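Student: Position in the sequence shown (first residue = 1) + 4 = the numbering used here. I have a structure I would like to understand better, so I am pasting it below and will then ask my questions one at a time.
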Amino acid sequence: MAHALVNGAIVGCLVGLVGHRSNGAHIGGAVIAALGAFFGFTDAVPLIIAESQSPSAIGNMMEADPFIPTKAWWNNEIDCGVDWFSPLGLLLAAAAA
5 MAHALVNGAI VGCLVGLVGH RSNGAHIGGA VIAALGAFFG FTDAVPLIIA ESQSPSAIGN
65 MMEADPFIPT KAWWNNEIDC GVDWFSPLGL LLAAAAA
């Protein structure tokens, strides 16, 4: 959540400096902030796996299921349901932008 908020604030600041009062710039900034929050999480998952296990575990993960980072973003494995903090992070990033 903190990453999404900081990401959205930085993107919003840059869009405000460049786009001024353009509606297209504000919408584009919100989309970029949401994508940044999503890819910030999904790109961190392989690094966390490599740190906790070994770098060769990333190769095993890619052979078994290359979409594990995306599934980890959406699923809550403990309660077998949807992790609502991740979509809320997208909304938070877009709103901050």
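Virtual Cβ for every residue (Gly too), placed ideally from N, Cα, C. Given the structure is predicted, the values throughout are model-derived calculations rather than measurements.
#1: Between A54 and the rest of its own chain, which residues show a CB-CB distance below 7 angstroms, the 5 nearest in sequence each way excluded?
#2: So if DSSP puts V86 in a beta bridge, which residue, or which two residues, is it bridged to?
#3: What are the start and end residues of the alpha helix (DSSP H) that includes S58?
#4: Would you mind giving the Cβ-Cβ distance between G33 and A101, rounded to the nearest angstrom? I have them listed as a contact below 8 angstroms.
Tutor: In this structure, then:
#1: A61, I62
#2: N79
#3: Segment: none, S58 is in no alpha helix (DSSP H) and carries neither H nor E.
#4: 4 angstroms
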